[in-house]
Amino acid sequence: MTSQEIRKSFLDFFKSKGHTIVPSSSLMPDSPNLLFTNAGMNQFVPIFLGEQKCPYDPARATDTQKCIRAGGKHNDLEDVGMDTYHHTFFEMLGNWSFGDYFKKEAIDWAWELLTEVWKFPVNRMYATVYSPDKSLGDPSEFDQEAWNFWAEKFTSVGLDPSIHIVNGNKKDNFWMMGDTGPCGPCSEVHIDLTPDGDTRGSLVNAGSAQCIEIWNLVFIQFNANADGTFSPLPATHVDTGMGFERVCSIIQNTRNFPVLTG
Ligand code: SER
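Counting the sequence shown from 1 gives a position; the working numbering is that position plus 17.
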């Protein structure tokens, strides 16, 4: 697939699941605490906070968002040029639920797109779930619900969930736009790109180009307040972000994996 076909395939997939395709917002965000737009969810902050009514029916959207992470909480500047998978500018493909579907559908559809539409080899896929480190003061609880949904997926294809699901604390598995704003536990999908694809999760979040995160599924449940506390939001939401260039590089350089899978 060409990059245009990959982008279209993502948007068409979520359109078929009732999402409205919306345009990318400007790189100059409305939020006072952001230098540049750093995620697809930026334009939807007033909806997450309940300050603006969701204009989509059903309350779902999908898009590809122009992003720059060159400062603030998500600063990739030190990584650009040092590794193969961080860029000064990138596109983030995403799907959103505004008080509509939650973890089950988000995980079901991520699995369906990756394994059934794009045919990523399941044995190379790892999912991470939020497991707070209470000694560090991490908020909220272990995300058992997300763990169970992923476990069902891996078990259905004969893989061991205890190997293919990796726990992460607030640093890797609790997504915040900035120091304040909508946030929540997240589940990421990582792909093992080693020749044999048998690293059993050991390279997940280890800073290796041989196993990279391609998709982050955030379950927005809280607002982070300026005093460091977290308040539950009136409704729960889904905010996902996929690294478009990363996915293109994987699909195109592996020619859908025959090179890696033999
Ligand atoms: N907002 C999340 C992220 O940027 C998911 O899109 O990773």
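Cβ atoms here follow ideal geometry from the backbone N, Cα and C, with glycine treated the same way.
Residues of its chain near residue i, where Cβ-Cβ distance is below 6 Å and the 5 sequence neighbours each way are ignored
| i | result |
| --- | --- |
| T253 | F119 and Q238 |
| M58 | D256 |
| D160 | V146, Y147 and P202 |
| P251 | G67 |
| E129 | none |
Residue i - DSSP class collapsed to helix/strand/coil
| i | result |
| --- | --- |
| L28 | helix |
| V206 | strand |
| N165 | helix |
| P251 | strand |
| E262 | helix |
| M99 | coil |
| Q227 | coil |
| T278 | Bear in mind that the predicted position of T278 carries a pLDDT of just 48, short of 50, making it too unreliable to give a figure here. |
| F171 | helix |
| N92 | coil |
| N222 | coil |
One or two residues paired with residue i in a DSSP bridge
| i | result |
| --- | --- |
| G185 | Y147 |
| G198 | A241 |
| E108 | K83 |
| T256 | Reading the sequence as shown, one finds Asp at residue 256 and not Thr. D256 pairs with W113 and V235. |
Inter-residue CB distance, residue i and residue j (contact presumed, cutoff 8 Å)
| i | j | result |
| --- | --- | --- |
| K32 | T79 | 7 Å |
| A127 | W232 | 6 Å |
| I208 | I229 | 6 Å |
| W192 | V235 | 4 Å |
| K90 | D177 | At roughly 34 Å, the Cβ-Cβ gap does not stay under 8 Å, so K90 and D177 are not in contact. |
| L52 | G88 | 5 Å |
Neighbourhood of residue i by C-beta, 8 Å cutoff - its chain only, sequence neighbours within 5 removed
| i | result |
| --- | --- |
| D150 | N186 and K187 |
| L28 | I38, T79, D80, T81 and L110 |
| G279 | Unreliable positioning characterises G279 in this predicted model, as indicated by a pLDDT of 39, which lies under 50. The coordinate reading is nonetheless provided below. Closer than 8 Å at the Cβ level, and outside the excluded window around G279, lies no residue. |
Proximal residues to residue i (C-beta, below 7 Å), its chain only, five neighbours per side dropped
| i | result |
| --- | --- |
| D117 | P75, A76 and R77 |
| I64 | C71 and F115 |
| W164 | V146 and I182 |
| V97 | H103, H104 and T105 |
| H36 | R77, A78, T79 and N112 |
| S41 | D80, T81, Q82 and K83 |
| A226 | D100, T101 and Y102 |
| R86 | N55, N92 and D93 |
Ligand 3 heavy atom lying under 7 Å from the CB of residue i
| i | result |
| --- | --- |
| V174 | What this structure holds is ligand 1, not ligand 3. |
Chain B within 8 Å of residue i, Cβ atoms only
| i | result |
| --- | --- |
| H207 | Chain labels in this structure do not include chain B; a single protein chain is all it has. |
Threshold first: 4 residues or longer. Then list the alpha helix (DSSP H) segments lying entirely within the region 113-157, N to C. Those alpha helix (DSSP H) runs which fall completely within the region 113-157 and span 4+ residues are 120-128.
Residue ranges of each beta strand (DSSP E) within the region 50-85, 3 or longer: 77-85
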